[in-house]
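Chains L and Z, in that order, give the protein sequences. All the letters of the first sequence, read from the start, carry residue numbers 3 to 275 under this note's numbering. All the letters of the second sequence, read from the start, carry residue numbers 61 to 465 under this note's numbering. First comes the structure, then the notes that go with it.
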Amino acid sequence: MAWEDSNLTRRDFIKLMGAAPASLAVNPKTGERRYAKLMDTFKCIGCRRCMSACKRWNKLPPYEVPETLVRDMDGTTYTVVNFVRSSRNGEIGKFLKWQCQNCIKPACAGVCPVTAITKNPVTGAVVIDETKCIGCRYCYQACPFKVPRFDFHKRITRKCHLCYDRIPKLKPACVAACPVEALDYGYRDLMLRKARVKAQLVRGYVLGEKEAGGTDVITILPAPPEEMGLIVAPQKIVSEDIDRLRISSTGFLAGAVLAGVLYLFSRGSGDKE
Amino acid sequence: MISSRDTIFYWWMSFLLAFIILGAFVVLLSFVEGQEILEISTHIPWTMLVSVYVFFVVSGSGMCVITSLGHVFGIKRYELISKRGVFFASIAIMSGLLAILLHLGHVERAFVYVYLSPNLKSGILWMGFFYSVYLLFVIIEYLLLARADMAKIANTSTGYKQVFYSLLVFGRKDESERSVHLDHKLAKAAGGSAFVTGLAAVSTLGAVFAHTEARSLWYGAFYPAYFVLSATFSGLSFFLFITILTYWIRGEEIGDKLSRLICELGKLLALMLSMGLLFNSWMIFSSVNNPEKINSIMLLINGPFSFSFYVFEILLGTIIPIIILLTPKVTHRGIFVSSLLVLMGLFVMRYNFVTAGQVLPVLKEGLPSYFPTFFEIVITLGITALFALLYTFGVKFLPLKETNH
Numbered sequence: 003m004a005w006e007d008s009n010l011t012r013r014d015f016i017k018l019m020g021a022a023p024a025s026l027a028v029n030p031k032t033g034e035r036r037y038a039k040l041m042d043t044f045k046c047i048g049c050r051r052c053m054s055a056c057k058r059w060n061k062l063p064p065y066e067v068p069e070t071l072v073r074d075m076d077g078t079t080y081t082v083v084n085f086v087r088s089s090r091n092g093e094i095g096k097f098l099k100w101q102c103q104n105c106i107k108p109a110c111a112g113v114c115p116v117t118a119i120t121k122n123p124v125t126g127a128v129v130i131d132e133t134k135c136i137g138c139r140y141c142y143q144a145c146p147f148k149v150p151r152f153d154f155h156k157r158i159t160r161k162c163h164l165c166y167d168r169i170p171k172l173k174p175a176c177v178a179a180c181p182v183e184a185l186d187y188g189y190r191d192l193m194l195r196k197a198r199v200k201a202q203l204v205r206g207y208v209l210g211e212k213e214a215g216g217t218d219v220i221t222i223l224p225a226p227p228e229e230m231g232l233i234v235a236p237q238k239i240v241s242e243d244i245d246r247l248r249i250s251s252t253g254f255l256a257g258a259v260l261a262g263v264l265y266l267f268s269r270g271s272g273d274k275e
Numbered sequence: 061m062i063s064s065r066d067t068i069f070y071w072w073m074s075f076l077l078a079f080i081i082l083g084a085f086v087v088l089l090s091f092v093e094g095q096e097i098l099e100i101s102t103h104i105p106w107t108m109l110v111s112v113y114v115f116f117v118v119s120g121s122g123m124c125v126i127t128s129l130g131h132v133f134g135i136k137r138y139e140l141i142s143k144r145g146v147f148f149a150s151i152a153i154m155s156g157l158l159a160i161l162l163h164l165g166h167v168e169r170a171f172v173y174v175y176l177s178p179n180l181k182s183g184i185l186w187m188g189f190f191y192s193v194y195l196l197f198v199i200i201e202y203l204l205l206a207r208a209d210m211a212k213i214a215n216t217s218t219g220y221k222q223v224f225y226s227l228l229v230f231g232r233k234d235e236s237e238r239s240v241h242l243d244h245k246l247a248k249a250a251g252g253s254a255f256v257t258g259l260a261a262v263s264t265l266g267a268v269f270a271h272t273e274a275r276s277l278w279y280g281a282f283y284p285a286y287f288v289l290s291a292t293f294s295g296l297s298f299f300l301f302i303t304i305l306t307y308w309i310r311g312e313e314i315g316d317k318l319s320r321l322i323c324e325l326g327k328l329l330a331l332m333l334s335m336g337l338l339f340n341s342w343m344i345f346s347s348v349n350n351p352e353k354i355n356s357i358m359l360l361i362n363g364p365f366s367f368s369f370y371v372f373e374i375l376l377g378t379i380i381p382i383i384i385l386l387t388p389k390v391t392h393r394g395i396f397v398s399s400l401l402v403l404m405g406l407f408v409m410r411y412n413f414v415t416a417g418q419v420l421p422v423l424k425e426g427l428p429s430y431f432p433t434f435f436e437i438v439i440t441l442g443i444t445a446l447f448a449l450l451y452t453f454g455v456k457f458l459p460l461k462e463t464n465h
């Protein structure tokens, strides 16, 4: 896709540069700028150095390449690179690096019964404490992207943690290993701006801007996720506290109704003590 | 000299122990080979053990509703079944909790970190809390209800038997009317607390599934309420099944009052099943118009689960039992058969609910296999055998029999 093809006007460009919402760029509590990772499918050459760098840094066993050649994450593989095609335009095939999207409001952290999952609001990392995880796999059920994988031997759930032990001083292992700068890690507002400009130029889609209420991994896709065969996350915060409270309350209401019915039944049954 | 009845008993116990040992072997194997042996797919991380858990605990909490009709709501004729009902509730919860603990990757951590770093917004935490408290209340309730009978045995026996029953009554061997009256008062309080926590537990269990917005079949306000309703017919059918079976196997005659009550409970079961059917139909009809739900509901009504859904859940598990139970002169045999059918249907329903809920959005091509793995079946048989063993011990050594007091 060349520059000339793009319908980006100068006015649009200026608008885009200033469009990053302040609420997403800055952590409201501390005022610090938050970080995010950027993945550009238009630059990725599919060398999978990021996969091996991830394995090396996190001391994970090597990946067994499946027969189908469609790679999937597992308990010891936090990230995979696959060749994906858009259903709308079969010509657009790109390499896509897929991993935990490190949501700004992670549903997994909200449902973990023992608070083993925490979100760092500045670096963006959503980290599972491997010494705390009880292996209930509720995080996998709650995740809108279906990422956390159960490690059957360690009996805990594991996933990409954005190399929380490197950032923000060092870049995540995958970003550092990328030979073509398809990956980047920096301030979220800058990453988002970069992604928007690029997406506008190539008529692509910015994944992670609104999905699940915004994520700290931003991916530039050639087409929207539903056309790329990816899991489509709702464009809002998933499993919010208030929503869960609403759902729980219907159960309690049903219990109260049942208690009332039983009381009336006992009144009418005629052989009370 | 061993009588033929004893021979059958020993055979039965050996049979159950064999399954428990096999189940325990699979648990050990899962530590050596990895927990993968208990999964049909890495994308379906909740399978058989979670279904077994739901099956047992929902029945156990449904039983609290039925027994509470007696000494909580004061309908005298229901007091007849209090002891067996409450005992059944406690062992069903124990078996269910065992299933879910075996499903966890690290059980030992669960007991530490629920106190050290609880997440008060998590459904699983509250479910665990309510079920633990509920289990405590039903055990206390049972010990209070059976105290007078156990005190009688303790007072008239010697040796180990006396020590055993004295321990169960915590040394309170007073058989006077005043103490029995006190027991009843305390049992009423314990029963009331069990009723409240039992309902809270089962609705929270429904909410654990219903909270997951990323799972379209489970998500929404329907399941917490439906779990409360389904608890009543789960508990009822399980209770009717084991009560009638116990009387038959022991060759005892079902008393007049109990016989009438069983017929009444049968009618109640039919009512609850009809309500369940109504709820289910409403859920299906409202989901087919909902673009977010349609795909997941189609798995049940026109997909890999449809055969078991129509045949086991609807036909065998609901419609045929309702027809049998509503025939004017239904016999105990009829009630027994229909409760067995309901139980089968319920087991399939729990399995379908748990498994089908996880097919979307990941497994777009559908399930790799509908059937659980061999090891899952063995472990399920092990847990069921443990439940049967506990119940057999209860029947043999504890006062469960329906007698008027």
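We treat Cβ as the ideally placed atom computed from N, Cα and C, and that holds for glycine. Since we're looking at a predicted model, the values are computed, not measured.
Residue range of the beta strand (DSSP E) that includes residue i
i	result
threonine 221 of chain L	219-223
arginine 87 of chain L	82-87
methionine 277 of chain L	With chain L represented from 3 up to 275, any question about residue 277 of chain L goes unanswered, as that position is not in the structure.
Within-8 Å CB hit, residue i to chain L
i	result
asparagine 355 of chain Z	no
histidine 241 of chain Z	no
serine 263 of chain Z	yes
phenylalanine 287 of chain Z	yes
isoleucine 213 of chain Z	no
arginine 320 of chain Z	no
Rounded C-alpha distance that separates residue i from residue j
i	j	result
serine 294 of chain Z	glycine 231 of chain L	40 Å
asparagine 350 of chain Z	methionine 154 of chain Z	38 Å
valine 132 of chain Z	alanine 260 of chain Z	17 Å
glutamate 235 of chain Z	phenylalanine 396 of chain Z	36 Å
tyrosine 173 of chain Z	lysine 134 of chain L	7 Å
histidine 163 of chain Z	threonine 159 of chain L	13 Å
leucine 460 of chain Z	glycine 454 of chain Z	7 Å
lysine 61 of chain L	leucine 176 of chain Z	29 Å
lysine 57 of chain L	glutamine 101 of chain L	13 Å
alanine 24 of chain L	leucine 223 of chain L	Note that alanine 24 of chain L has pLDDT 43, beneath the 50 cutoff, so the model's placement of it is unreliable and the number below is only indicative. Distance between the alpha carbons of alanine 24 of chain L and leucine 223 of chain L: 24 Å.
glycine 270 of chain L	glycine 134 of chain Z	11 Å
asparagine 215 of chain Z	valine 419 of chain Z	59 Å
lysine 212 of chain L	glutamine 237 of chain L	5 Å
threonine 303 of chain Z	leucine 385 of chain Z	17 Å
aspartate 76 of chain L	serine 276 of chain Z	23 Å
tyrosine 279 of chain Z	lysine 389 of chain Z	42 Å
tyrosine 80 of chain L	proline 68 of chain L	16 Å
Contact with chain Z by residue i, beta-carbon distance below 8 Å
i	result
cysteine 102 of chain L	no
glutamine 202 of chain L	no
lysine 148 of chain L	yes
aspartate 76 of chain L	yes
lysine 134 of chain L	yes
cysteine 138 of chain L	yes
threonine 79 of chain L	no
arginine 151 of chain L	yes
cysteine 105 of chain L	no
valine 240 of chain L	yes
Contacts of residue i in chain L (Cβ-Cβ under 7 Å)
i	result
glutamate 96 of chain Z	Phe154
valine 174 of chain Z	Pro115 and Val116
leucine 164 of chain Z	Ile136, Gly137 and Cys138
threonine 218 of chain Z	The contacting residues do not exist; threonine 218 of chain Z stays about 37 Å from chain L at best.
Partner residues on chain Z for residue i, Cβ-Cβ distance less than 9 Å
i	result
valine 113 of chain L	Asn179, Lys181, Ser182, Gly183, Ile184, Val268, His271 and Thr272
Test item: CB-CB of residue i and residue j under 8 Å
i	j	result
isoleucine 249 of chain L	alanine 170 of chain Z	no
isoleucine 47 of chain L	alanine 225 of chain L	no
alanine 250 of chain Z	phenylalanine 197 of chain Z	yes
methionine 187 of chain Z	leucine 82 of chain Z	no
Contacts of residue i in chain L (Cβ-Cβ under 9 Å)
i	result
glycine 145 of chain Z	Going along chain L, no residue has its Cβ under 9 Å from glycine 145 of chain Z, so there is no contact; the nearest lies around 14 Å.
valine 422 of chain Z	Lys148 and Ile233
leucine 427 of chain Z	None at all; the shortest Cβ gap to chain L is about 15 Å.
tryptophan 308 of chain Z	The contacting residues do not exist; tryptophan 308 of chain Z stays about 28 Å from chain L at best.
arginine 410 of chain Z	Correct list: empty, because the minimum Cβ distance to chain L is about 16 Å.
Residue range of the unbroken alpha helix (DSSP H) whose run includes residue i
i	result
glutamate 164 of chain L	Reading off the sequence shown, one finds leucine at residue 164 of chain L, where the question assumed glutamate. Counting along the chain, leucine 164 of chain L falls outside any alpha helix (DSSP H), and DSSP gives it neither H nor E.
tryptophan 308 of chain Z	282-309
glycine 95 of chain L	No alpha helix (DSSP H) contains glycine 95 of chain L, which is instead part of the beta strand (DSSP E) from 95-100.
Under 8 Å by beta carbon: chain L residues contacting residue i
i	result
valine 125 of chain Z	Leu260 and Leu264
Proximal residues of chain Z, C-beta to C-beta of residue i below 8 Å
i	result
cysteine 145 of chain L	Ala274
Within 8 Å of chain C by C-beta, residues of the region 130-159 of chain Z in sequence order:
Included in the structure are the protein chains L and Z, with no chain C among them.
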